[in-house]
Amino acid sequence: MNEEPAKPCACSAAPKKTSRRDFLLATGFGLNAIAGAMIGIPLVGYLFSSFFKPNKLEKISLGQVDAFPEGKTRFASYKNPMHREWDGQTADIPCWVRRIQGNDFQVFAINCTHLGCPVRWFEESKLFMCPCHGGAFYEDGGHAAGPPPRGLYTYEVKVENGELFIMGGVIPNLSNQNV
Amino acid sequence: MNKLIHAARGVFLWVDDRLHLTKLYESTAGHHVPQSSGSWFYVFGSATLLCFMIQIATGILLAMVYVPSAAEAYTTLEYLTFHQYLGWFLRGVHYWGSNFMVGIMLLHMTQVFLFGAYKYPREITWITGVVLMVLTLGLAFTGQVMRFDEDAYWGLGIGVAIMGRVPLLGEQLVNMMLGGPIIASDTLSRFFALHVFVLPGGILALVSIHLRMVLTKGINEYPQPGMLVRRESYDKEYAAIIKKEGVPFFPKAISKDLVAAAVVIIGILACATFFGPKGPLGPPNPLQIDTLPRPDFYFLWIFAIAALMPDWMESVALLGGPVIIGIILFALPFFNGTGEKSWRRRPIAVLTVILTYVSLGLLTYLGHTSPWSPDMNAWRSAHTPKKFLEGRSPLELQGSLVIQSMQCRNCHAIDGIGGQRGPDLADVGARLTKDQLVRQVIQGGGNMPAYGKNLTPDQVDAVVAYMVSLRTPGVAAARDSSQPGRPPME
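Note that the protein sequences, when read in sequence, are chains G and C.
Residues in the first sequence are numbered from 1 upward in steps of one, following my numbering.
Residues in the second sequence are numbered from 1 upward in steps of one, following my numbering.
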């Protein structure tokens, strides 16, 4: 640190010039604050867009009611209503359809309520079993054993003109329990 | 000749004058370190960084072929593995490089902890290191999503289920993580962006702070028992050490780092050559639910915790656990910033390390074997040893059939054959009375589903008769202790 020798300075005699510099500096900061906000707000908005867009469920057909025998639980699938061309196989979403009798249906999400792994149906013991942590569910989706905090997630079901519809479009998890 | 040397010297001096190379050397590679730090225990930091550089190099090359689109990723992975010239090798190096990086990073952290290197005045070195660990684990997790196969798909599902447990913001966080309400192409794209831009960028930035701190605050001297760190005097003591036995890091203290570097590189290459890359497993087809989702080994311990924790504390532990661990790690240099450095006089530190490693090791082993998962195919494939069928009555044999066809074997082994979820049935007749068995089958409980609705009374009779017969020859059936006079029921 070598101190500069004190030399006569024009600035000390003319405080007005300093204030112009200050003004420029303030302008520079101010303009950049505005420009920064102009670029920053859209970036943040883009990143957090999901925070402002509520999930919307859509009516999805699972096919004719008669494809599902009464008293049985069957594997079914549907296309993600928001799917895009480049989704590939991930556009297909599986689910379990239980036809109790007539138009009385239960449609379960594939995801275990514990950590989302795909549950498998066992017709003989009438149980859904999960391959991850040993969760098990009864035929009606009720919790039977293991760590899951609740029974299987069910879709809202509608039967119209002999066709089975569900309201779907989100991956069910504990934050949207009613799905 | 002399002229030539003179000219070369002139050129070098000119370059040095313009680029300040000597000064750069003196303040970086040539900075003085305590001679004692040229130790085999001090090689893990540079080895971790080396792994990261290997990851960058192989990652860039893989990204030249890989297509981060849900529709194409799996095909390009197969192409990389089976068709691209040396593609399998690069995938292997990248995969094993990540394993080595996580492993050596843990060794580095353990060494720093045991040698008290996080204490005054190296708090920020430690904290940046903790953040680097989080970023590295982030790279490991996003990396297994890049291997976009069935495990990646269901691994994302596990991420969703954990995020969905966050109060109030759960749904938004899930959508932000997935880029929409369902796992789809946007999910892979944003994990790709994280894996190749955000996280490596963060690591580069933090490594530069981390290394800068090593230069400004010096590398930790090899701790001697009884040499206490005091805020008032440590800086002077360290300066004295440097003055007394300081040597330039390059070339005097780097030799062991160099040997370790070569060993690490050869180790990664050997693993890549002999074991090859991991996967890809089956395609990321959600309809293919005959799957056994498992994370890569560095997250198996979390997978095990999720199975073994009581469910009432699960959400709290899954969400609060990382926060608590983070707070402890961040606060460590502040509540334990002075005093003894040597692990020989820090029994709690040593115990902490042993306990952590034993827990992580056991949980990883359990995560690997997953005894809590039903064996989905046992009811079709697990046979019943002959000795558990010989001499049985028709009713008992019928019971054995029911046990098989009702998928009991998925959770219950007989003599070790079958699922491990529930107790082995080989000696169940000696443990439970007939009444207890009936109750257990019909009502379930203790983590067993109730079968009352799915079994006819005849089937229950047969199953229970068979189970009473399951015990070591010569051992009596279990008796009801409340009615000692009553003979055991066969």
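Ideal Cβ positions, reconstructed from N, Cα and C, are used throughout, including at glycine.
Query	Result
Counting contacts by CB-CB distance shorter than 9 Å, is Met146 (chain C) in contact with chain G?	no
With 9 Å set as the bound, which would you pick, yes or no: does the beta-carbon of Ala33 (chain G) sit closer than that to a beta-carbon of chain A?	Of the chains in the structure shown, none is chain A; the protein chains are G and C.
Between the C-alpha atoms of Pro371 (chain C) and Thr142 (chain C), what's the straight-line distance to the nearest angstrom?	27 Å
Can you grab the Cα-Cα spacing for the pair Val130 (chain C) / Val160 (chain C), in whole Å?	25 Å
Any idea if Pro172 (chain G) is buried or exposed, counting beta-carbon neighbours within 10 angstroms, 16 or more meaning buried?	buried
Using only the alpha-carbon positions, how far apart do Gln144 (chain C) and Ile54 (chain C) sit?	17 Å
Kindly indicate which residue of C:Met109, C:Pro121 and C:Pro68 has the alpha-carbon position closest to the one of Leu132 (chain C).	C:Met109
Helix or strand or just coil, what does DSSP make of Asn111 (chain G)?	strand
What do you reckon, are the CB atoms on Leu152 (chain G) and Cys132 (chain G) nearer than 9 Å?	no
Where does Thr136 (chain C) fall in DSSP's three states?	helix
Less than 9 Å between the C-beta atoms of Leu164 (chain G) and Phe68 (chain G), yes or no?	yes
Taking Cβ positions, are Ile110 (chain G) and Lys79 (chain G) nearer each other than 9 Å?	no
Look at Leu470 (chain C) and Leu425 (chain C) and say whether their C-beta atoms are less than 9 Å apart.	yes
Kindly indicate which three-state DSSP category Gly474 (chain C) falls into: helix, strand or coil?	coil
Would you say Met406 (chain C) lies against chain G (beta-carbon separation less than 9 Å)?	yes
Taking all protein chains shown into account, do 16 or more other C-beta atoms lie within 10 angstroms of the C-beta of Glu490 (chain C), making it buried, or fewer, making it exposed?	Caution is warranted here: a pLDDT of 47 is assigned to Glu490 (chain C), below 50, making its placement in the model unreliable, and no coordinate value can be reported.
Do three or more CB pairs link the segment 256-267 of chain C to the segment 155-169 of chain C at distances below 8 Å?	no
Would a check of beta-carbon distances place Met1 (chain G) closer than 9 Å to chain C?	The pLDDT assigned to Met1 (chain G) is 44, lower than 50, so where the model puts this residue is not dependable, and the model offers no usable value.
Whole angstroms is fine: what's the gap from Val179 (chain G)'s alpha carbon to Glu171 (chain C)'s?	Because the pLDDT at Val179 (chain G) is just 46, under 50, the model does not fix this residue reliably, and the point stays unresolved.
Identify whether Ala29 (chain C) lies in helix, strand or coil by the three-state DSSP scheme.	coil
To which residues does DSSP link Pro248 (chain C) through a beta bridge?	C:His32
Could you tell me which whole alpha helix (DSSP H) segments of length 4 or greater appear in the segment 178-255 of chain C?	185-193, 199-217 and 234-245
For the segment 33-44 of chain C and the segment 196-210 of chain C, state whether three or more C-beta atom pairs, one from each stretch, are separated by less than 8 Å.	no
Report the three-state DSSP secondary structure of His83 (chain C) (helix, strand or coil).	coil
With a 10 Å radius around its C-beta and 16 neighbouring C-beta atoms as the bar for buried, classify Thr73 (chain G) as buried or exposed.	buried
When you compare each of G:Gln89, G:Asp87 and G:Gln106 to Trp96 (chain G) by their alpha carbons, which one comes out closest?	G:Gln106
Can you pull out the residues from the segment 445-478 of chain C whose beta carbon lies closer than 8 Å to at least one beta carbon of chain G?	Asn447, Met448, Pro449, Ala450, Tyr451, Lys453 and Asn454
Within the same chain, show all residues whose beta-carbon is closer than 7 Å to that of Val247 (chain C), passing over the 5 residues directly before and after it, in chain order.	His32, Val33, Gln35 and Ala253
How close, in whole Å, do the beta carbons of Leu366 (chain C) and Ala317 (chain C) come, if the pair is a contact with beta carbons under 8 Å?	That pair is no contact at about 16 Å.
Distance check for Cys51 (chain C) and Gly445 (chain C), CA to CA, integer angstroms please.	49 Å
How would you call Trp121 (chain G), buried or exposed, if buried means at least 16 neighbouring beta carbons within 10 angstroms?	buried
Evaluate Gln111 (chain C) with the Cβ neighbour count: other Cβ atoms within 10 Å of its Cβ, from every protein chain shown; 16 or more gives buried, anything less gives exposed.	buried
For the 8 Å Cβ check, are there 3 or more pairs between the segment 74-93 of chain C and the segment 310-324 of chain C?	no
Consider the Cβ of Val170 (chain G): report whether some Cβ of chain C lies at a distance smaller than 9 Å.	yes
State the beta-bridge partners of Ser61 (chain G) as determined by DSSP.	G:Phe165
Kindly indicate if chain G contains any beta-carbon less than 9 Å away from that of Glu490 (chain C).	A caution first: Glu490 (chain C) carries a pLDDT of 47, below 50, which makes its placement in the model unreliable, though a value can still be read off. Glu490 (chain C) does not count as touching chain G.
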